[in-house]
Amino acid sequence: MTETNSPQRAVIDLTPANLDAQVRGLIDKGDMERLRRLLADQHSPDVADVLERLTRPADRNATFRLLSPQMAAEVIEEISHYIARELVIALPPDFAGPMLRHMEIDDLVEILGNELRDRQEQSLAQLEPVLAQAIRAQLAYPTNSAGRLMTTRFVRTYPEMTAAETLAFIKSTDDDYETVTDIYVLDEGRLIGVASLRAVVRANSSTPISALMQTEPISVSPETKGEDAARLLGRYDFMALPVVSSEGRMLGIITVDDAIDVLTAAQTADLLGIGGVHGEENAAPYFTVPILKVIRQRLIWLILLFVGGSITSGVLEAFSVELGAVVALSFYIPLLIGTGGNTGSQTVSMIIRGMTTNDIKPADLFRVVRRELVSGVILGVLLGLIAFGRVLLQEGGADSLPLVVAASVIAVCAWSNVIAAVIPMFAKRFKIDPALISAPLISTTVDATGLLIYMLIAKALLNAI
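Positions 3 to 467 (our numbering) are the ones given, in order, by the sequence shown.
In structure tokens:
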């Protein structure tokens with residue numbers, strides 16, 4: 003997203019925390035005129051931050067409507083999607099129209115395709131016909147695709163143009179572009195090459211752009227998933243990525259700032275999923291989510307895990323006789339369960355990261371299992387030696403209890419590593435979000451099976467059982 007041309011503002015010695023307090027104070031006093039003047043002197047990211055920290059939706063909506071259409075457009079581009087939806091849906095048409103006209107085309111597509119889906123045609127009618135038609139074309143692409151993410155405001159030139167002509171063309175039309183870092187060379191609408199602005203600036207003025215361009219540039223189709231396109235852009239360190247139709251026609255570009263937004267949202271979803279907390283509400287700013295929604299989202303997973311935890315209780319009950327014969331066995335159950343859970347959590351974090359960055363592919367299943375099995379055994383041996391020494395000092399060596407605990411640590415570490423590698427990869431294969439189910443499922447599985455492994459090893463090695 004490009005920055006709006008506006009007069010240079012003086013730096014205000016005001017931290018976001020102080021701004022937040024001032025805004026709250028003016029809202030409580032009902033002094034909306036002073037609040038309007040205060041917000042007019044702020045930068046849009048700071049205003050967005052304040053709006054996200056207001057807990058009452060009515061206060062957010064009233065404060066947002068005090069902004070100028072230009073500032074409101076900038077704030078919507080900065081604020082979280084959850085709050086943006088709430089603000090935009092509540093806007094009357096006479097405020098929404100001027101605000102939409104100040105927004106970038108890719109942001110308009112996002113707003114009209116999500117937040118204003120029910121008022122899409124009404125909102126499009128408030129825009130210039132050419133712009134409205136371009137937005138309709140982009141809205142025809144799948145949700146979260148490169149076609150929805152792209153902007154059509156890019157520098158397009160022709161192979162016969164010289165470096166001097168290209169620079170003069172850019173200078174005369176600079177306001178029309180999202181970025182001028184890359185210059186796209188078209189032949190009858192088809193992308194034939196990309197030239198960097200640096201190369202054009204340094205070239206002889208009479209050098210044709212065709213001599214400066216890189217042919218066969220990397221591009222994506224408009225149907226490509228937005229996250230995949232963003233990762234491709236990051237992989238090659240591009241500032242922008244061309245979006246090209248199946249016929250080779252240039253449709254638009256995806257800029258690096260939009261790619262960062264996509265990857266940040268994906269990372270947030272993964273992190274929440276690992277904790278068994280998912281849903282758009284939970285990705286919203288902390289103070290804006292109603293507590294009942296938080297409880298509803300978290301309670302479902304906790305009930306499932308609670309039920310799953312009964313399996314662990316069943317294992318303990320099944321081996322109650324053995325535990326009664328050697329009471330000291332029960333002292334080391336937390337150690338075994340904690341070790342297995344921690345090992346599995348580390349492994350699943352690395353596996354999900356590897357899958358996210360495309361380092362690990364579905365075909366790598368057996369390689370991953372073999373690797374994690376080996377590392378699990380090595381970690382288990384090292385931890386097992388420590389456990390052996392601890393039990394030996396605490397219980398003595400009269401029976402085989404130190405050996406039981408050490409062997410169980412080795413087995414549980416190896417087993418936890420394998421389970422933590424297999425579950426997310428199978429989830430991915432069956433088109434289930436690995437981050438959503440992996441950590442909660444692994445925790446429950448490792449607790450029950452780890453305890454079972456411990457008791458079976460104890461039954462095999464201890465003479466008292």
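Even glycine gets a Cβ: it sits at the ideal position worked out from N, Cα and C.
Item                                                                                                                                                                                     : Value
Would you say T217 and G195 are within 8 Å of each other, going by their C-beta atoms?                                                                                                   : yes
Pull up the distance between the alpha-carbon of E117 and that of I339, whole angstroms please.                                                                                          : 45 Å
Could you name the residues of the same chain whose beta carbon sits closer than 7 Å to that of I91, not counting the 5 residues immediately before and after it, in chain order?        : E117
Grab the span of the alpha helix (DSSP H) containing Y84 for me, first residue to last.                                                                                                  : 83-91
Quick check: what's the CA-CA separation for N344 versus R204?                                                                                                                           : 56 Å
How big is the Cα-Cα spacing for M105 and M73?                                                                                                                                           : 10 Å
For D178, count neighbouring C-beta atoms within 10 Å of its own C-beta (all shown protein chains included) and say buried if the count is 16 or more, exposed if not.                   : exposed
Since I believe T159 is in contact with M241 (beta carbons under 8 Å), could you give me their beta-carbon distance rounded to a whole number of angstroms?                              : Contact doesn't hold; Cβ gap of about 17 Å is too wide.
Is the distance from the Cβ of A139 to the Cβ of I211 below 8 Å?                                                                                                                         : no
Could you tell me whether the region 72-87 touches the region 48-55, where touching means 3 or more Cβ pairs closer than 8 Å?                                                            : yes
Let me confirm a value: T6 is counted as buried when at least 16 other C-beta atoms fall within 10 Å, else exposed. Which label applies?                                                 : Model confidence at T6 stands at a pLDDT of 43, short of 50, so the residue's coordinates are unreliable and nothing is read from them.
If you draw a straight line from the C-alpha of K227 to the C-alpha of R150, how long is it?                                                                                             : 10 Å
Which two residues bound the contiguous alpha helix (DSSP H) that contains L381?                                                                                                         : 367-397
Tell me the residue span of the alpha helix (DSSP H) that contains A187.                                                                                                                 : Sequence inspection shows Val at residue 187; the Ala mentioned does not correspond to that position. That residue, V187, is in no alpha helix (DSSP H); its beta strand (DSSP E) goes 184-189.
At least one CB of chain D closer than 8 Å to the CB of T358: is that the case?                                                                                                          : The structure shown contains no chain D; it is built from a single protein chain.
Identify, in the order they occur along the chain, each residue of the same chain with its Cβ nearer than 6 Å to the Cβ of E35, setting aside the five sequence neighbours on each side. : none
Sorted by chain position, which residues of the same chain lie with C-beta nearer than 6 Å to F390's C-beta, five sequence neighbours on each side aside?                                : P404, A408
On the three-pair Cβ rule with 8 Å, is the region 419-438 touching the region 361-374?                                                                                                   : yes
Between M163, I293, D230, which has its C-alpha nearest V264's C-alpha?                                                                                                                  : D230
Taking only runs of the alpha helix (DSSP H) that begin and end inside the region 288-362, which ones reach a length of at least 4 residues, in chain order?                             : 293-320, 322-327, 335-358
Identify every residue that forms a DSSP beta bridge with T168.                                                                                                                          : Partner(s): none; T168 has no beta bridge.
Looking only at DSSP bridge pairs, what is V246 linked to?                                                                                                                               : M252
State the start and end residues of the unbroken beta strand (DSSP E) segment that holds I434.                                                                                           : Taken as a continuous stretch (DSSP letters only), I434 belongs to no beta strand (DSSP E), as it is neither H nor E.
Suppose the cutoff is 6 Å on Cβ atoms and the five residues either side in sequence are ignored; what does the same chain contact list for G326 look like?                               : none
Can you have a look at I262 and say buried or exposed, based on whether 16 or more other CB atoms are within 10 angstroms of its CB?                                                     : exposed
In three-state terms, what does DSSP make of V157?                                                                                                                                       : coil
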